[in-house]
């Protein structure tokens, strides 16, 4: 619906007049003020949908000397029924709406009837309003995209910070934690944090509005197609509902944009509540459109076309595979879909359906019902209950195929190995690695006898643990030093956030090479040549075994907090020693990262893998170390990183790596660790470094960040 408003008067208004439009008591737009000596005629070309029961309110607002001061000069009400009847009338309006020019992005009005008139006797005014349909069908998806573009141009306070926002938030967290040592600084930081938290809430409202419009634009593309073909009443009703809701959302978004910063002009709580309400209503309407495709749609879109196809000319089967059904929809929407898939498998003998899913209750219940009614063509398999003996034997042949003499140890022995695996592929993998990790035929024969002499019946997990112990004890040379080396190297592999190449691991652990010990442990470790030669454990169960104090022998047990502390120390040491100003040797600091054509190769050359790892994960290892520990070496390294220019070099390195977002969680984690570490309270100048005396004078997050960084350089 579009409209034109004209105000006629016997006595000239003494002030400028503007118009506010409300639909069902919700504002949909404000038309600009027109000065008293000009023709008072407004055109509202943002379409809005109405129903017969709708209430349309037009408020006339009079401006005073101070432009922002307005009062209500008059109110006129219309019903949706009046507007719809007028649009259906073919007469041409004497206001001349047929000749209104169209603007880019707006729709011209078609001819419409004589205007509806309303008197405002107390003012001596008469209001004439024309309601009209657009001459071209609306494209709400395009309108949503336009509104989305406008939203992107409306920036919040925190939005102005760009990438620096995440760094500012992180630094504030660390400063807040450290300031608790110094009372006055803590009071200042509480006030600054309160302002920052309010700005974050404003940012969340803006993001929610943007997300709602983006989702609506995607949905409307499909609705525009569906509404032309919708013949069934449930789908038609769902489409009508979502189109009406989309108009309400678009009008609210335009008002949101027009007000600019919601935290200044609106009540932030009201905006948050309204946006959340619109989001919930849209999600409900979206579900209604999806769920309206019920049995009749399945019949018309699937059953009837397949029946018309008949028998295909080719002899091969057509197989439909639906993987991870449990991840499709909800427990309400999934069973109807599964029921339709069961029917689908029955439609033609050349059509087969395979569905995989976890055994969730709502899916199991649906399958049980289907099994009762359609057991002749429905078969359910529990993959956990299958015994893949043939597959295990095939894997055994492949893993032992390169040993000399060819065919060792013979088909019968391979079958015994596959049987001992008791359904576990990882057992076969480790056992074959154990057999191939020696050049001595005599040793290999002895290991095979040991493997086949054990019993795994009824306890495959226990058999796997026993295999790990046997592989470790036979692979490592005797001696406490070797066991300590094993724990240091494998502990780092287990505790690392991501797999690392051997050279990077060696650098972090201050070792010249790890080649020898990794070679000894080939049955439980492997080097992945497809991923830059990173070193990984053979299976997640090996990590579980090593960190299980109850089942792992003491000489192999990995105490994870201890190894996280070692890696935290290694990461901080690597950063303090390796970071420097302009680490990638850029010729100019005035270029954006995207404008440096060879930045990726520069990063690879200038920032080795161990330094990249340290920059990304030092704080994670810090927080995973033993709580409350007083590792003075780590405290000293942390001071060198955070209280000296190294912290700025760290941020620069993250930026070069395109990982600046990692700064915020790292600083938050560091702040948490500082709060729970007694030894940090003895650091005398932490507050002085982070909290300059004039910090309270700086009112924006960016100013705070600048002061902190400047003070770090001074110290």
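In this note's numbering, the protein residues as written are 24 to 738. Note that the Cβ used here is the ideal one computed from N, Cα and C, for glycine as well.
What does residue i pair with, by DSSP beta-bridge criteria?
i           : result
residue 668 : According to DSSP, residue 668 bridges with nothing at all.
residue 445 : Beta-bridge pairing links residue 445 to no other residue.
residue 493 : DSSP, once it has assigned bridges, lists no residue as partnering residue 493.
residue 451 : In the DSSP output, where bridge partners are listed per residue, residue 451 has none listed.
residue 375 : 342
residue 641 : Beta-bridge pairing links residue 641 to no other residue.
residue 50  : 45
residue 65  : 28
residue 138 : Partner(s): none; residue 138 has no beta bridge.
residue 148 : 32, 143
residue 79  : 46, 101
residue 95  : 84
residue 57  : 40
CB residue i to CB residue j, shorter than 9 Å?
i           : j           : result
residue 330 : residue 365 : no
residue 93  : residue 41  : yes
residue 588 : residue 641 : no
residue 535 : residue 527 : no
residue 489 : residue 477 : yes
residue 349 : residue 357 : yes
residue 151 : residue 46  : no
residue 647 : residue 515 : no
residue 491 : residue 547 : yes
residue 44  : residue 81  : yes
residue 742 : residue 148 : Because the chain in this structure spans residues 24 to 738, residue 742 falls outside the shown range and cannot be described.
residue 554 : residue 522 : yes
residue 139 : residue 109 : yes
residue 75  : residue 33  : no
residue 436 : residue 390 : no
residue 452 : residue 562 : yes
residue 65  : residue 27  : yes
residue 376 : residue 342 : yes
residue 416 : residue 441 : yes
residue 597 : residue 658 : no
residue 369 : residue 397 : yes
residue 332 : residue 379 : no
residue 499 : residue 544 : yes
Would you mind giving the Cβ-Cβ distance between residue i and residue j, rounded to the nearest angstrom? I have them listed as a contact below 8 Å.
i           : j           : result
residue 644 : residue 569 : Not a contact, Cβ separation roughly 18 Å.
residue 581 : residue 484 : Actually they do not touch by this definition, with Cβ atoms about 18 Å apart.
residue 606 : residue 679 : 7 Å
residue 449 : residue 487 : 7 Å
residue 584 : residue 649 : 4 Å
residue 593 : residue 677 : At roughly 18 Å, the Cβ-Cβ gap does not stay under 8 Å, so residue 593 and residue 677 are not in contact.
residue 540 : residue 525 : Wrong, their Cβ atoms sit about 10 Å apart, outside the cutoff.
Sorry if obvious, but does the Cβ on residue i come closer than 8 Å to a heavy atom of the ligand ATP?
i           : result
residue 544 : Ligands displayed in this structure: none; no statement on the ligand ATP is therefore possible.
Looking at chain D, is there any beta carbon in it that lies within less than 9 Å of the beta carbon of residue i?
i           : result
residue 536 : Reference to chain D is not applicable here, since this structure consists of a single protein chain.
- Query: Touching or not, the stretch 383 to 391 and the stretch 354 to 367, by the rule of three or more beta carbon pairs under 8 Å?
  - Reply: Verdict: yes, contact present.
- Message: Taking contact to mean 3 or more Cβ pairs, one atom from each stretch, closer than 8 Å, check whether the stretch 629 to 644 and the stretch 596 to 615 are in contact.
- Response: Between the stretch 629 to 644 and the stretch 596 to 615 there are three or more inter-stretch CB-CB distances shorter than 8 Å, so the stretches are counted as touching.
- Indicate whether the contact test is met: 3 or more Cβ pairs, each with one atom in the stretch 693 to 701 and one in the stretch 617 to 628, closer than 8 Å. Not touching, per the Cβ criterion.
- Query: Residue ranges of each alpha helix (DSSP H) run of no fewer than 4 residues wholly in the stretch 559 to 619, ordered along the chain?
  - Reply: The qualifying runs are 563 to 569, 583 to 601.
- Item | Complete runs of the beta strand (DSSP E) confined to the stretch 482 to 560 [at least 3 residues] | You should have 548 to 551, 557 to 560.
- Give a yes or no on contact between the stretch 606 to 622 and the stretch 656 to 666, applying the rule of three or more CB pairs nearer than 8 Å. In this structure the stretch 606 to 622 does not touch the stretch 656 to 666; the number of beta carbon pairs closer than 8 Å is below three.
- Query: Counting pairs of Cβ atoms below 8 Å between the stretch 412 to 425 and the stretch 449 to 460, do you hit three or more?
  - Reply: These segments touch.
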